[in-house]
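Chains as they are written, first to last, in the working numbering: chain A, 111 to 278; chain B, 44 to 137.
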């Protein structure tokens, strides 16, 4: 039995890990036009950039790959500011999209996360478990955006293939 | 399978967490006997009833927290709450 869903591995994206005081983080990203999410485990969006609130003092900034150099200059990740640490993580993650009428069914197999809209709304973004490893899950139109550590890319791609085709 | 109350993320499946064992009493004085030291270090209490234990939301937000769980029914009666300062960030903008 297969599912009506499409899994697509995406190309490179710019990812910055931001940890520290909320007001300091807010200042460091203010030039991007992004605001800190007001609800835990949600994301704000501006011009294709996403800021995800994924931990108590922890945010992830996702942006198109072509913006990486500009972000490196403006975010100054190597600035050793004690109140807010920014680290470039673009090389560490691989992104997948899970879309289609039965994307929810695929996520329900891959993760124990409660993805009902009441608990995982349209702007939701959180770390959870995916096929036994940790990963980022964001709700997108008609599906989900998934990020897993790059070393698990092939394994996760195979697992998704098995789930979607029902040949596992 | 347990559903655990992460102070940051809310109710999440046990598989997202790592159990870090029961909370311990304070470290004994360095002059205690070896037997007393080993007892404190390695022998966990295993009562029928409520225990306090630490959990790490390893595959989630990374938060450490403590819960009070019944060892038979798995009922969780207390859990850490989000610090006030995090709640006050709600609505914060640039």
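Ideal Cβ placement from N, Cα and C applies to all residues, glycine included.
Remember, it's a predicted structure, so these values are computed and weren't measured experimentally.
(message) Are the CB atoms of residue 180 of chain A and residue 115 of chain A within a distance shorter than 7 Å?
(response) If you number the first chain from 1, residue 115 of chain A lands on position 5. If you number the first chain from 1, residue 180 of chain A lands on position 70. Contact check for residue 115 of chain A against residue 180 of chain A fails: the beta carbons are separated by 7 Å or more.
(message) According to DSSP, simplified to helix, strand and coil, what is residue 46 of chain B?
(response) Locating residue 46 of chain B in the second chain gives position 3, counting from the first residue. For residue 46 of chain B, the three-state secondary structure derived from DSSP is strand.
(request) Can you tell me which of the three DSSP states residue 118 of chain B falls into? (result) Start at 1 with the first residue of the second chain, and residue 118 of chain B comes out as number 75. It is coil, neither helix nor strand.
(request) Determine which residues of the segment 241-273 of chain A have a Cβ less than 7 Å from any Cβ of chain B, and write them out in chain order. (result) The residues in question are 244.
(request) Flag residue 273 of chain A as yes when its Cβ comes closer than 6 Å to any non-hydrogen atom of the ligand FMN, and as no otherwise. (result) Here there are no bound small molecules, and the ligand FMN is not part of this structure.
(message) Quick check: the segment 253-271 of chain A against the segment 195-209 of chain A, are at least 3 beta-carbon pairs closer than 8 Å?
(response) These segments touch.
(request) Return the first residue and the last residue of the alpha helix (DSSP H) that residue 265 of chain A is part of. (result) Stepping through the first chain from its first residue, residue 265 of chain A is reached at position 155. 263-275 is the extent of the alpha helix (DSSP H) around residue 265 of chain A.
(message) On the DSSP bridge list, what partners appear for residue 246 of chain A?
(response) Residue mapping note: residue 246 of chain A aligns to position 136 of the first chain, counting from 1. For residue 246 of chain A, which the question treats as bridged, DSSP gives the partners A:237 and A:257.
(request) Could you name the residues of chain A that residue 106 of chain B contacts, counting a contact when the two beta carbons are closer than 8 Å? (result) The residue given as residue 106 of chain B occupies position 63 in the second chain. Correct list: 165 and 166.
(request) Starting from residue 155 of chain A, follow the alpha helix (DSSP H) in both directions and report where the run begins and ends. (result) Reading the first chain from its first residue, position 45 is the one you call residue 155 of chain A. No alpha helix (DSSP H) contains residue 155 of chain A, which is instead part of the beta strand (DSSP E) from 153-156.
(message) I'd like the span of the beta strand (DSSP E) that includes residue 159 of chain A, first residue to last.
(response) Counted from its first residue, the first chain places residue 159 of chain A at position 49. DSSP places residue 159 of chain A in the uninterrupted beta strand (DSSP E) bounded by 159-165.
(request) Note down, in chain order, each residue of its chain lying with its Cβ closer than 7 Å to the Cβ of residue 178 of chain A, except the 5 sequence neighbours on either side. (result) Walking along the first chain from the start, residue 178 of chain A turns up at place 68. Within the same chain, residue 178 of chain A has close Cβ partners 124 and 200.
(message) Here's the rule I'm using: 16 or more other beta-carbon atoms within 10 Å means buried, otherwise exposed. How should residue 98 of chain B be labelled?
(response) Position 55 of the second chain holds residue 98 of chain B. Around the CB of residue 98 of chain B, 16 or more other CB atoms lie within 10 Å, so the residue is classed as buried.
(message) Can you check which of these residues, A:232, A:222 and A:244, is closest to residue 44 of chain B by C-alpha distance?
(response) Taking the second chain and counting its residues from 1, the one referred to as residue 44 of chain B is at position 1. Nearest C-alpha to residue 44 of chain B: A:222.
(request) Would you mind sorting residue 265 of chain A into buried or exposed? The rule is 16 or more other CB atoms within 10 Å of its CB. (result) If you number the first chain from 1, residue 265 of chain A lands on position 155. Its Cβ having fewer than 16 others within 10 Å, residue 265 of chain A is exposed.
(request) Grab the span of the beta strand (DSSP E) containing residue 170 of chain A for me, first residue to last. (result) To locate residue 170 of chain A, count along the first chain from 1; it is residue 60. In this chain, the beta strand (DSSP E) harbouring residue 170 of chain A covers 168-174.
(request) Would you list, in chain order, the members of the segment 71-102 of chain B that have their beta-carbon closer than 9 Å to a beta-carbon of chain D? (result) Among the chains of the structure shown, chain D does not appear; the protein chains present are A and B.
(request) Report yes or no: do the segment 49-67 of chain B and the segment 236-251 of chain A share at least 3 C-beta pairs separated by less than 8 Å? (result) Counting C-beta pairs with one atom in each stretch, the segment 49-67 of chain B and the segment 236-251 of chain A have three or more that are closer than 8 Å, which means they touch.
(request) Just the C-alpha distance for residue 217 of chain A and residue 90 of chain B, rounded to the nearest angstrom, thanks. (result) Along the first chain, read from residue 1 onward, the residue named residue 217 of chain A stands at position 107. Along the second chain, read from residue 1 onward, the residue named residue 90 of chain B stands at position 47. Distance between the alpha carbons of residue 217 of chain A and residue 90 of chain B is about 38 Å.
(request) Give the secondary structure of residue 77 of chain B by DSSP, where H, G and I count as helix, E and B as strand, and everything else as coil. (result) Working through the second chain from its first residue, we reach residue 77 of chain B at position 34. Three-state DSSP puts residue 77 of chain B in a helix.
(request) Give the residues of chain A in contact with residue 56 of chain B, contact being defined as C-beta atoms less than 9 Å apart. (result) Taking the first residue of the second chain as position 1, residue 56 of chain B is located at position 13. The CB of residue 56 of chain B comes closer than 9 Å to the CB of 221, 222, 223, 224, 238 and 239 in chain A, given here in chain order.
(message) Taking 7 Å as the threshold (C-beta atoms), are residue 83 of chain B and residue 71 of chain B in contact?
(response) Counting from 1 along the second chain, the entry for residue 71 of chain B is found at position 28. Counting from 1 along the second chain, the entry for residue 83 of chain B is found at position 40. The answer is yes: Cβ separation under 7 Å.
(request) Under 6 Å Cβ to Cβ from residue 122 of chain B, same chain only, skipping five residues before and after it: list those, please. (result) If you number the second chain from 1, residue 122 of chain B lands on position 79. Hits under 6 Å: 48 and 110.
(request) Name, in chain order, the residues that DSSP records as bridge partners for residue 207 of chain A. (result) To locate residue 207 of chain A, count along the first chain from 1; it is residue 97. Within the DSSP secondary-structure output, residue 207 of chain A pairs in a beta bridge with A:118 and A:255.
(request) Please work out which residues of its chain come closer than 7 Å, Cβ to Cβ, to residue 193 of chain A, disregarding the five sequence neighbours upstream and downstream, and give them in chain order. (result) Taking the first chain and counting its residues from 1, one reaches residue 193 of chain A at position 83. Shown here for residue 193 of chain A: same chain residues with a beta carbon closer than 7 Å to its own, the five before and five after excluded, namely 130, 131 and 134 in chain order.
(message) Against residue 179 of chain A, what residues of chain B qualify as contacts under a CB-to-CB distance less than 7 Å, listed in chain order?
(response) Locating residue 179 of chain A in the first chain gives position 69, counting from the first residue. Residues of chain B with a Cβ closer than 7 Å to the Cβ of residue 179 of chain A do not exist; the shortest Cβ-Cβ separation is about 23 Å.
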